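Visitor: Throughout the sequence shown, residue numbering follows the numbering used here, covering 243 to 737 in sequence.
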Amino acid sequence: MTDYTLPAEGVASLPAHVLAEKIQAGELTSREVTQAFLDRIAETDAELGAFLHVGAEEALAAADKVDAQVKAGGAPASALAGVPLALKDLLVTTDAPTTAASKILEGYMSPYDATVVKRLREAGIPILGKTNLDEFAMGSSTENSAYKNTKNPHDLERVPGGSGGGTAAALAAGQAPLGIGTDTGGSIRQPASLTGTVGVKPTYGAVSRYGVIACASSLDQVGPCANNVLDTALLHEVIAGHDEFDATSVEREVAPVVAAAREGASGDLSGVRIGRVTQFDRPGTQDGVNEVISRAFSQLEAQGAEIVEVDCPTFEDVMGAYYLIQMSEVSSNLARFDGMRYGLRVGDDGTRSAEEVMSLTRGEGFGAEVKRRILLGTYALSVGYYDAYYLQAQRVRTLIARDFARAFELCDVIAGPAVPQTAFKLGEKVDDPLAMYNFDLFTLPLNLAGLPGMSVPAGSAPDTGLPVGLQLMAPAFADDRLYRVGAAFEAGLGR
Ligand code: GLN
Numbered sequence: 243m244t245d246y247t248l249p250a251e252g253v254a255s256l257p258a259h260v261l262a263e264k265i266q267a268g269e270l271t272s273r274e275v276t277q278a279f280l281d282r283i284a285e286t287d288a289e290l291g292a293f294l295h296v297g298a299e300e301a302l303a304a305a306d307k308v309d310a311q312v313k314a315g316g317a318p319a320s321a322l323a324g325v326p327l328a329l330k331d332l333l334v335t336t337d338a339p340t341t342a343a344s345k346i347l348e349g350y351m352s353p354y355d356a357t358v359v360k361r362l363r364e365a366g367i368p369i370l371g372k373t374n375l376d377e378f379a380m381g382s383s384t385e386n387s388a389y390k391n392t393k394n395p396h397d398l399e400r401v402p403g404g405s406g407g408g409t410a411a412a413l414a415a416g417q418a419p420l421g422i423g424t425d426t427g428g429s430i431r432q433p434a435s436l437t438g439t440v441g442v443k444p445t446y447g448a449v450s451r452y453g454v455i456a457c458a459s460s461l462d463q464v465g466p467c468a469n470n471v472l473d474t475a476l477l478h479e480v481i482a483g484h485d486e487f488d489a490t491s492v493e494r495e496v497a498p499v500v501a502a503a504r505e506g507a508s509g510d511l512s513g514v515r516i517g518r519v520t521q522f523d524r525p526g527t528q529d530g531v532n533e534v535i536s537r538a539f540s541q542l543e544a545q546g547a548e549i550v551e552v553d554c555p556t557f558e559d560v561m562g563a564y565y566l567i568q569m570s571e572v573s574s575n576l577a578r579f580d581g582m583r584y585g586l587r588v589g590d591d592g593t594r595s596a597e598e599v600m601s602l603t604r605g606e607g608f609g610a611e612v613k614r615r616i617l618l619g620t621y622a623l624s625v626g627y628y629d630a631y632y633l634q635a636q637r638v639r640t641l642i643a644r645d646f647a648r649a650f651e652l653c654d655v656i657a658g659p660a661v662p663q664t665a666f667k668l669g670e671k672v673d674d675p676l677a678m679y680n681f682d683l684f685t686l687p688l689n690l691a692g693l694p695g696m697s698v699p700a701g702s703a704p705d706t707g708l709p710v711g712l713q714l715m716a717p718a719f720a721d722d723r724l725y726r727v728g729a730a731f732e733a734g735l736g737r
């Protein structure tokens, strides 16, 4: 029987940094490595459903370029040159369709590459294909994809989380050693937690959003995913940095995340103050998750960290604030999908007005969750309601940022659960949008404040046997602290 979790041996079992070293040393070619992952995809993806598109030829061509460079003895294009990657299908690419998992973009080909994609190509990282997600990155289970469900490699009856379930499942199954996700309210950290992989949401503005199909622009951030902390750090350095094509991209040095991950690998956390948020200890959290997180705090303490209790009262109001802001921005961002400029066009037979064609196209092209959010967001922004809803939510957002600022006066990093439960069953929450929204309770505050966060595997819950992620959070532009603590925690857990 096929085992869908990470293989125990062979090329597909190896971390990205090890593969990169072997490629540069001439022990493996990038073509062999890339082919091994393509084989793994071919073997497992009919069942797993992580990919919407596999670009074998393009990936192998990129691999050959790296092999030619190694043969010629030139300097590697990056520390990850030759190691292939799974790309969330929310980033536009010129050599593969970009759908955002929506029918409205079926078959859409972009005339340009996203900045992150351009950087991956320049770094010699072959792109294996585009991974599944919730339509336009809205959801918590990848079940809102218009194309297929993705399964959790640890239990095929369960979801891999969302919206970036495809990338997370691909990593957990050994279909790819590196992945790219986007995180608006938890879409990198939450699937990482549910699949036992590592996912990082960098500080808002650290990574370019140019060519990332907008979900909620003031919250969206692209980030690195992998099976260990060092690999995410190496990928972080490839994709981060200022981009003149993104007005919100910041002009400052990229935090020294690789050095921090290497430093953390010693496992020593003496002198590090780790905050434990009172409001994250809440009823409704699965016992098994609480157990794993308590153990994680004990371990961090044993590694030398000082644990401090921090109070963030406004985290209680995060749901309303996030969903109001998220939906308002969505209603505006998704107005561009009107059947005139991109992808699908319905009913344009010469008898209908442009408005009718737009209405038919949007009616057919968007799924139920996307429509729900466009309607609610439009309502929240309308005259007479704007002050009561959108503006009020922005005020709460400011208060949440203040709670974080106060907390970071007392600690260097905050730790806690990434999600309230382990992976749930496919279909379990699809008819209950609020239950789906509630699942992201612990990941939302960070996005509203624009701060960096990570989910790092913390072991499996004793009650369900499924993976639980420890969420780490840091002040803006102190992304390196996540890697220092994350790598130390990972090292401590392995001992
Ligand atoms: N689950 C959250 C939502 O549906 C977060 C999505 C995301 O981070 N892209 O909005």
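Think of the CB as a built atom: it goes at the ideal place given N, C-alpha and C, for glycine as much as any other residue.
On a predicted model such as this, the values are computed, not experimentally measured, just so you know.
Does the ligand GLN have even one heavy atom less than 8 Å from the beta-carbon of S702?
Guide: Flag unset: Cβ of S702 not near the ligand GLN.
Visitor: Return the bridge partner residues of P466 from the DSSP annotation.
Guide: Per DSSP, I422.
Visitor: To the nearest angstrom, report how far apart S255 and L248 are at their CA atoms.
Guide: About 6 Å.
Visitor: In angstroms with no decimal places, state the Cα-to-Cα distance between L270 and A323.
Guide: Approximately 12 Å between the Cα atoms of the pair.
Visitor: How is the alpha helix (DSSP H) around E285 delimited, first residue to last?
Guide: Residues S272 to L290.
Visitor: Measuring only the C-alpha atoms, how far is A278 from Q266?
Guide: About 17 Å.
Visitor: Could you tell me the distance, in whole angstroms, from the CA atom of V471 to the CA atom of A729?
Guide: So the alpha carbons of these two residues sit roughly 6 Å apart.
Visitor: Out of E274, F293, T527 and A718, which one is the CA nearest neighbour of G408?
Guide: Ranking E274, F293, T527 and A718 by Cα distance to G408 puts F293 first.
Visitor: Which residue marks the beginning of the beta strand (DSSP E) containing A657, and which one marks its end?
Guide: Where A657 is concerned, the enclosing beta strand (DSSP E) stretches over V655 to P659.
Visitor: Considering just the uninterrupted stretch of the beta strand (DSSP E) at L329, what are its terminal residues?
Guide: First-last of the beta strand (DSSP E) with L329: L327 to K330.
Visitor: Which runs of the beta strand (DSSP E), 3 residues or longer, sit entirely within the region 357 to 393?
Guide: DSSP runs (the beta strand (DSSP E)) wholly in the region 357 to 393: 369 to 373.
Visitor: Beta-carbon within less than 7 Å of S702's beta-carbon, same chain only, minus the 5 sequence neighbours each way: which residues are those?
Guide: Closer than 7 Å at the Cβ level, and outside the excluded window around S702, lie L708, P709 and V710.
Visitor: For the ligand GLN, is there any heavy atom lying closer than 8 Å to the beta carbon of T424?
Guide: Correct: T424 has its Cβ closer than 8 Å to the ligand GLN.
Visitor: Closer than 8 Å is the cut-off here; do at least three beta carbon pairs connect the region 425 to 437 with the region 675 to 687?
Guide: Yes, they touch.
Visitor: With a threshold of 8 Å on Cβ separation, who are the neighbours of M678 within its own chain once the five nearest residues in sequence on each side are excluded?
Guide: So the qualifying residues of the chain are G381, S382, S383, K671 and V672.
Visitor: Within a Cβ cutoff of 8 Å, which residues of the same chain sit near I642, ignoring the five residues on either side of it in sequence?
Guide: Hits under 8 Å: C554, T556, F557, D559, V560, A563, P687, L690 and A691.
Visitor: DSSP three-state call for K307: helix, strand or coil?
Guide: In this structure, K307 counts as helix in the three-state DSSP scheme.
Visitor: Measuring alpha carbon to alpha carbon, tell me which residue in H259, L290, E289 and V638 is nearest V275.
Guide: Ranking H259, L290, E289 and V638 by Cα distance to V275 puts H259 first.
Visitor: Taking just the CA atoms, how far does G316 sit from P433?
Guide: So the two alpha carbons sit approximately 38 Å from each other.
Visitor: How long is the line joining the alpha carbons of G416 and G406, rounded to whole angstroms?
Guide: Distance between the alpha carbons of G416 and G406: 16 Å.
Visitor: So, with DSSP's three-state summary, where would you put D645?
Guide: Helix, per DSSP.
Visitor: Could you say if the region 602 to 622 and the region 581 to 588 meet the contact criterion of at least three C-beta pairs nearer than 8 Å?
Guide: Taking 8 Å as the limit for Cβ pairs, the verdict is that the region 581 to 588 does touch the region 602 to 622.
Visitor: Run the proximity test for D682: is its beta-carbon closer than 8 Å to any non-hydrogen atom belonging to the ligand GLN?
Guide: Answer for D682: yes, Cβ within range of the ligand GLN.
Visitor: Name the two residues that bound the continuous alpha helix (DSSP H) containing Q713.
Guide: No alpha helix (DSSP H) contains Q713, which is instead part of the beta strand (DSSP E) from P709 to M715.
Visitor: What are the residues that DSSP puts in a beta bridge with A482?
Guide: Answer by DSSP bridge pairing, in chain order: V449.
Visitor: Quick one, which of A596, S570, A610 and D645 has its alpha-carbon nearest Q634's?
Guide: For Q634, the nearest C-alpha among the options comes from S570.
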